[in-house]
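First the structure, in the form of structure tokens, and then the observations on it.
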Amino acid sequence: AAGVIQSPRHLIKEKRETATLKCYPIPRHDTVYWYQQGPGQDPQFLISFYEKMQSDKGSIPDRFSAQQFSDYHSELNMSSLELGDSALYFCASSRSSGKVVVYEQYFGPGTRLTVT
Amino acid sequence: QKEVEQNSGPLSVPEGAIASLNCTYSDRGSQSFFWYRQYSGKSPELIMFIYSNGDKEDGRFTAQLNKASQYVSLLIRDSQPSDSATYLCAVRVYSGGGADGLTFGKGTHLIIQP
Numbered sequence: 009a010a011g012v013i014q015s016p017r018h019l020i021k022e023k024r025e026t027a028t029l030k031c032y033p034i035p036r037h038d039t040v041y042w043y044q045q046g047p048g049q050d051p052q053f054l055i056s057f058y059e060k061m062q063s064d065k066g067s068i069p070d071r072f073s074a075q076q077f078s079d080y081h082s083e084l085n086m087s088s089l090e091l092g093d094s095a096l097y098f099c100a101s102s103r104s105s106g107k108v109v110v111y112e113q114y115f116g117p118g119t120r121l122t123v124t
Numbered sequence: 044q045k046e047v048e049q050n051s052g053p054l055s056v057p058e059g060a061i062a063s064l065n066c067t068y069s070d071r072g073s074q075s076f077f078w079y080r081q082y083s084g085k086s087p088e089l090i091m092f093i094y095s096n097g098d099k100e101d102g103r104f105t106a107q108l109n110k111a112s113q114y115v116s117l118l119i120r121d122s123q124p125s126d127s128a129t130y131l132c133a134v135r136v137y138s139g140g141g142a143d144g145l146t147f148g149k150g151t152h153l154i155i156q157p
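Heads up: the sequence lines are chains A and B, in that order. Residue numbers for the first sequence follow the numbering used here, beginning at 9 and rising by one. Residue numbers for the second sequence follow the numbering used here, beginning at 44 and rising by one.
Structural data, given as structure tokens:
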């Protein structure tokens with residue numbers, strides 16, 4: 009079965025640079041979520057989008073922004089990167105509408121961001 | 044106090060035995076409960092989800108929910124070495140939309156001893 013696709017899988021940036029992470033949800037899933045997981049930590053919810061509109065917001069820094077496009081893929085934009093932004097970034101998807109609603113969130117493989 | 048609490052472990056269980064993982068949550072508005080398995084450096088993998096009080100079984104896995112006690116558990120029968128991983132309990136609090144983020148516990152590190 010098709011899964012969530014994330015790119016790139018690894019990214020190395022320097023402090024104060026910008027980064028863009030991409031997420032392609034499972035086919036027919038209309039909702040995407042972004043999570044950040046630091047070393048030894050549990051995943052922290054950042055933000056979610058349903059039908060291209062921001063739906064829920066967690067602990068996302070003001071330096072980060074995200075959007076969902078017409079094909080349901082999503083991008084997380086991170087600016088003025090700090091050392092503490094080094095983490096695994098996961099995208100998850102679910103289906104929030106239609107005849108079959110799947111609220112369960114399925115995670116992608118993640119993007120490992122290293123800020124030096 | 045974290046909204047979702049788990050014993051971090053490690054929890055060591057002999058191969059073939061039953062592993063019992065527990066989770067408590069603080070928000071009574073929580074409606075959906077999920078168990079994810081995560082291997083080191085990998086993404087969380089959905090194992091079980093439960094919405095109603097009682098038990099839900101899927102193969103070797105059983106999820107149990109008690110909303111009155113704000114308690115959810117995961118039982119793994121016939122534990123295998125490949126079950127060794129961190130098990131994350133996650134809770135969804137309904138906010139009116141369909142895209143609520145999950146709140147995770149810190150996870151329980153499970154070790155299955157051959």
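Ideal placement from N, C-alpha and C gives every residue a C-beta, glycine not left out.
- Within its own chain, the residues whose Cβ lies closer than 7 Å to the Cβ of Ile-13/A, once the five positions on either side in sequence are excluded, are Tyr-32, Gly-116, listed in chain order.
- Within the DSSP bridge table, the entry for Ser-56/A names Tyr-41/A, Asp-64/A as partners.
- In terms of Cβ geometry, Gln-113/B and Thr-67/B form a close pair [threshold 7 Å].
- Remark: three or more beta-carbon pairs, one from each stretch, lie closer than 8 Å, so the segment 140-157 of chain B and the segment 47-60 of chain A are flagged as touching.
- If you ignore the 5 residues before and after Val-56/B, its C-beta comes within less than 6 Å of the C-beta of Ala-62, Ser-122, Ile-155, all in its own chain and listed in chain order.
- Counting C-beta pairs closer than 8 Å gives three or more between the segment 24-40 of chain A and the segment 83-91 of chain A, which meets the contact rule.
- Phe-92/B reaches chain A at Glu-112, counting residues in chain order whose Cβ is nearer than 7 Å.
- Put simply, the CB of Ser-15/A is far from chain B, with every gap to its CB atoms at 7 Å or more.
- Straight across, the Cα-Cα distance linking Trp-78/B with Met-91/B is about 5 Å.
- When rounded, the separation of the alpha-carbon atoms in Leu-19/A and Cys-99/A is 15 Å.
- In summary, the residues of the segment 36-47 of chain A whose CB is separated from some CB of chain B by less than 7 Å are Thr-39, Tyr-41, in the order they occur in the chain.
- The beta carbons of Asp-38/A and Arg-120/A sit no closer together than 7 Å.
- Contacts between Ser-83/B and chain A, judged by CB atoms closer than 8 Å, are missing: the closest CB pair is about 10 Å apart.
- Out of Ser-75/B, Ser-138/B, Pro-157/B, Ala-128/B, the CA that lies nearest to the CA of Ser-51/B is found in Ala-128/B.
- Taking 8 Å as the upper bound on Cβ-Cβ separation, chain A lies near residues Ser-75, Phe-77, Tyr-79 of the segment 56-81 of chain B.
- The three-state reading of DSSP puts Asp-121/B in coil, since its state is none of H, G, I, E or B.
- In terms of beta-carbon proximity, Pro-53/B stays away from the interface with chain A, with every pair separated by 7 Å or more.
- Residue pairing by DSSP places Phe-77/A in no beta bridge whatsoever.
- Less than 7 Å divides the Cβ of Gln-76/A from the Cβ of Val-40/A.
- In the three-state scheme derived from DSSP, where H, G and I count as helix and E and B as strand, Asp-93/A is classed as helix.
- Of the other Cβ atoms in all chains shown, 16 or more fall within 10 Å of the Cβ of Ser-73/B; this residue is therefore buried.
- If you look at Asn-50/B, you'll find it isn't in any beta strand (DSSP E); DSSP assigns it neither H nor E.
- The residues Leu-117, Tyr-130, Thr-151, in chain order, have a CB closer than 6 Å to that of Leu-64/B in the same chain once the five nearest residues on each side in sequence are set aside.
- The C-alpha of Ser-63/A is placed about 34 Å away from the C-alpha of Gly-102/B.
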